[in-house]
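S.K.: Below is one structure. I have some questions about it.
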Amino acid sequence: MAIRVLFPSSSSSSSSFSTAQPTRRTSRLRRGFCCFCSSSTTSSDEVSSSSSMMTVSITGATGFIGRRLVDKLLSEDHKVCVLTRSTSKNKASSVFPASRYPGVTIADKEGDWERCIRDSTGVVNLAGMPISTRWSPEVKKEILQSRVNVTSKVVDHVNTSTSASSNGNGNGPSVFVSATAVGYYGTSETDSFDESSPSGNDYLAHVCREWEGRARQVKQEHVRLVLIRIGVVLGKDGGALAKMIPLFMMFAGGPLGTGTQWFSWIHVDDLVDLIYESLRNPAYTGVINGTAPNPVRLSELCDRLGQVVGRPSWLPVPGLAIKALLGEGATVVLDGQKVLPARATHLGFSYRYPYVRDALKAIIAKQL
Ligand SMILES: NC(=O)c1ccc[n+]([C@@H]2O[C@H](COP(=O)([O-])OP(=O)(O)OC[C@H]3O[C@@H](n4cnc5c(N)ncnc54)[C@H](OP(=O)(O)O)[C@@H]3O)[C@@H](O)[C@H]2O)c1
Numbered sequence: 001m002a003i004r005v006l007f008p009s010s011s012s013s014s015s016s017f018s019t020a021q022p023t024r025r026t027s028r029l030r031r032g033f034c035c036f037c038s039s040s041t042t043s044s045d046e047v048s049s050s051s052s053m054m055t056v057s058i059t060g061a062t063g064f065i066g067r068r069l070v071d072k073l074l075s076e077d078h079k080v081c082v083l084t085r086s087t088s089k090n091k092a093s094s095v096f097p098a099s100r101y102p103g104v105t106i107a108d109k110e111g112d113w114e115r116c117i118r119d120s121t122g123v124v125n126l127a128g129m130p131i132s133t134r135w136s137p138e139v140k141k142e143i144l145q146s147r148v149n150v151t152s153k154v155v156d157h158v159n160t161s162t163s164a165s166s167n168g169n170g171n172g173p174s175v176f177v178s179a180t181a182v183g184y185y186g187t188s189e190t191d192s193f194d195e196s197s198p199s200g201n202d203y204l205a206h207v208c209r210e211w212e213g214r215a216r217q218v219k220q221e222h223v224r225l226v227l228i229r230i231g232v233v234l235g236k237d238g239g240a241l242a243k244m245i246p247l248f249m250m251f252a253g254g255p256l257g258t259g260t261q262w263f264s265w266i267h268v269d270d271l272v273d274l275i276y277e278s279l280r281n282p283a284y285t286g287v288i289n290g291t292a293p294n295p296v297r298l299s300e301l302c303d304r305l306g307q308v309v310g311r312p313s314w315l316p317v318p319g320l321a322i323k324a325l326l327g328e329g330a331t332v333v334l335d336g337q338k339v340l341p342a343r344a345t346h347l348g349f350s351y352r353y354p355y356v357r358d359a360l361k362a363i364i365a366k367q368l
């Protein structure tokens, strides 16, 4: 299992609480979202009354979070363009078969990515090689490069399409939502972090700064940028929990290492809602932590999970065994951070699952 939390630049804190500026971007937003006001306290209810149809291009759409986001967008009658790698074209076609996903366009070639982005109202960037592996020097390079390269490519297309838009050629996207991770903050058993906290010193913090730095190269005078520092995403089809549940079902679950490390989690449905809200609501700008308001220690998560699945949580897994298995990658399992969603709370974002017990119950109910 991997408690993995990747994610920019040292200037992030100053932009964290920025409000929308009256630029060409906001005038375009007003066109697209005529019922929104620019107040940072715009409520979800006000926003959800908008009937504006969106077309959203998504990288990493075939992954754990992306699949749920596509389903959410389609269920609300929006259109989706799946930006996948050419090596993943078959995977994308089987995840989103045309018969069941008529609203989805799959783009795997450079020119198709460009056209999709130009014709979209928003872009979401979720691509990246999984980090819950053993980290050889090559793997570490790929973890970083996969995020930086895809983000650079998408930013170039967004910037080109918005330049074309200012010349009267098409519209281009008005919002760019890019994933990053709470690994940005580094790890601590004592400190808590919000969006104004500085970045950490470890490898994942470095990856997140580079990743966010590329996303910040989008022309923010034209495009609203939202950087979501995602915590550990809980859901039934992937992520850390999918690896933990089978262990618990075999009576072998328990805290990893000491269990005192922090676990900043979010239910996948809440994260998808947060991304959706970021696409639609002009008050969502800059860095937003994608975590639930009540992070827990890992031992509590394991206790709760044990209760929910009706199994005891015992036999802590020794840190040394994990280090032997994962090498440096063990840091994402054995260390954590307490991250609070100050901005989402300030924006009035409404969580379906603010408490881990309810999140786990809902997930296990679907699992069994
Ligand atoms: N899940 C979490 O708990 C969590 C926590 C913090 C941050 N995040 C971040 O959120 C994003 C989405 O997470 P997820 O859990 O949905 O990830 P995922 O299931 O691993 O999917 C990521 C997608 O990225 C693409 N991808 C994979 N390897 C790649 C590579 N080497 N180069 C370029 N693209 C590659 C794939 O899409 P195609 O094959 O279609 O191209 C894949 O479906 C990731 O960037 C992740 O780091 C996730």
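Mapping of the sequence shown onto the UniProt record's numbering: position 197 corresponds to residue 197, and the numbering continues sequentially without gaps. Glycine included, every Cβ here is placed at the ideal spot set by N, Cα and C.
(1) At a cut of 8 Å, does the stretch 116-128 reach the stretch 177-189 through at least three beta carbon pairs?
(2) Ordered along the chain, which non-local residues of its own chain (more than five positions away) have a Cβ less than 8 Å from that of Asn294?
(3) Helix, strand or coil: how does DSSP classify Ala344 here?
(4) Considering only DSSP beta bridges, list what Gly122 is partnered with.
(5) Closer than 7 Å to a non-hydrogen atom of ligand 1 - does that hold for the CB of Pro130?
(6) How is Cys34 classed by DSSP in three states: helix, strand or coil?
(7) Closer than 6 Å by C-beta to Phe17: which residues in its own chain qualify, once you throw out the five before and the five after it? Chain order, please.
(8) Taking DSSP's pairing of strands, which residues face residue 371 in a bridge?
(9) Express the C-alpha separation of Ile363 and Glu210 in angstroms, rounding to a whole number.
(10) How is the beta strand (DSSP E) around Ile106 delimited, first residue to last?
(11) Which same chain residues end up closer than 7 Å to Asp358 when comparing Cβ atoms and leaving out the 5 residues on each side of it in sequence?
(12) By the 10 Å Cβ neighbour count, where 16 or more other Cβ atoms means buried, how is Ala98 classified, buried or exposed?
(13) With a threshold of 7 Å, establish whether the CB of Phe193 neighbours any heavy atom of ligand 1.
(14) Per DSSP, what kind of secondary structure is Asn149 in: helix, strand or coil?
(15) Quick check on the burial criterion: 16 or more other C-beta atoms within 10 angstroms. Buried or exposed for Ser350?
(16) Tell me Val82's beta-bridge partners as DSSP assigns them.
(17) Rounding to the nearest angstrom, what Cα-Cα distance links Ser52 and Ser278 in this structure?
(18) Verify the contact flag: Ser152, CB atom, against every heavy atom of ligand 1, threshold strictly below 7 Å.
(19) Relative to the C-alpha of Thr87, which candidate in Glu76, Asp71, Pro102, Thr62 has its C-alpha closest?
(20) What separation, rounded to the nearest whole angstrom, lies between the Cα atoms of Lys361 and Val268?
(21) Nearest CA to the CA of Lys109: which residue from Arg85, Ser196, Leu256, Ser132?
(22) For the alpha helix (DSSP H) containing Gly290, name the first residue and the last one.
(23) Alpha carbon to alpha carbon, how far is Gly348 from Val232?
(24) Per DSSP, Arg297 is paired with what?
(25) Given 8 Å as the limit, is there contact between the stretch 219-232 and the stretch 279-298, that is, 3 or more CB pairs closer than that?
(26) Report the CB separation of Asp335 from Gln261 in whole angstroms; it is logged as a contact under 8 Å.
M.R.: From the atom records:
(1) yes
(2) Taking the sequence shown and counting its residues from 1, one reaches residue 294 at position 294. Within the same chain, Asn294 has close Cβ partners Pro354, Tyr355, Val356.
(3) Numbered from 1 along the sequence shown, position 344 holds the residue referred to as residue 344. Looking at Ala344 - three-state DSSP - the assignment turns out to be helix.
(4) Start at 1 with the first residue of the sequence shown, and residue 122 comes out as number 122. DSSP output for Gly122 lists Val56, Val175 as bridge partner(s).
(5) As a position in the sequence shown, residue 130 is number 130, starting the count at 1. Yes - ligand 1 has a heavy atom lying nearer than 7 Å to the Cβ of Pro130.
(6) Mapped onto the sequence shown, residue 34 falls at position 34. With a pLDDT of 27 at Cys34, under the threshold of 50, the predicted position of this residue should be treated as unreliable, and no value is reported.
(7) Here residue 17 corresponds to residue number 17 of the sequence shown, with the count starting at 1. Here the model assigns Phe17 a pLDDT of 30, short of 50, so the residue's position is not dependable, and the following value carries that caveat. Excluding residues within five positions, none has a Cβ falling inside 6 Å.
(8) What is shown of the chain runs 1 to 368, which leaves residue 371 out entirely.
(9) As a first step, residue 210 is located in the sequence shown; it is residue number 210 there, counting from the start. As a first step, residue 363 is located in the sequence shown; it is residue number 363 there, counting from the start. In a straight line, the C-alpha of Glu210 is about 33 Å away from that of Ile363.
(10) Along the sequence shown, one-based indexing puts residue 106 at 106. Residues 104-107.
(11) The count along the sequence shown starts at 1 and reaches residue 358 at position 358. Hits under 7 Å: none found.
(12) Looking up residue 98 in the sequence shown gives position 98. Per the 10 Å Cβ criterion, exposed.
(13) As a position in the sequence shown, residue 193 is number 193, starting the count at 1. No.
(14) In the sequence shown, counting from the first residue as 1, residue 149 sits at position 149. Residue state, collapsed to three classes: helix.
(15) To locate residue 350, count along the sequence shown from 1; it is residue 350. Label assigned to Ser350: exposed.
(16) For the purposes of this step, residue 82 is taken as residue 82 along the sequence shown, with counting starting at 1. DSSP lists Ile58, Ile106 as partners of Val82.
(17) In the sequence shown, residue 52 corresponds to position 52, counting from 1. In the sequence shown, residue 278 corresponds to position 278, counting from 1. Those two C-alpha atoms are separated by around 14 Å.
(18) Here residue 152 corresponds to residue number 152 of the sequence shown, with the count starting at 1. No; taking the cut-off as 7 Å, the Cβ of Ser152 has no heavy atom of ligand 1 nearer than that.
(19) Within the sequence shown, residue 87 is the residue found at index 87, counting from 1. Closest by alpha carbon: Thr62.
(20) As a first step, residue 361 must be located in the sequence shown, where it is residue number 361. As a first step, residue 268 must be located in the sequence shown, where it is residue number 268. Looking at the two C-alpha atoms, the distance is approximately 13 Å.
(21) Walking along the sequence shown from the start, residue 109 turns up at place 109. Looking at the Cα atoms, Arg85 is the closest of the given residues.
(22) What you label residue 290 is simply residue 290 of the sequence shown in a count that begins at 1. Per DSSP, Gly290 belongs to no alpha helix (DSSP H); it is in the beta strand (DSSP E), 286-290.
(23) By one-based count along the sequence shown, residue 348 stands at place 348. By one-based count along the sequence shown, residue 232 stands at place 232. For Gly348 and Val232, the distance between alpha carbons rounds to 21 Å.
(24) Sequence index remark: in the sequence shown, residue 297 carries index 297 (1-based). Trp262.
(25) yes
(26) Here the question's residue 335 lines up with position 335 in the sequence shown. Here the question's residue 261 lines up with position 261 in the sequence shown. That pair is a contact at about 6 Å.
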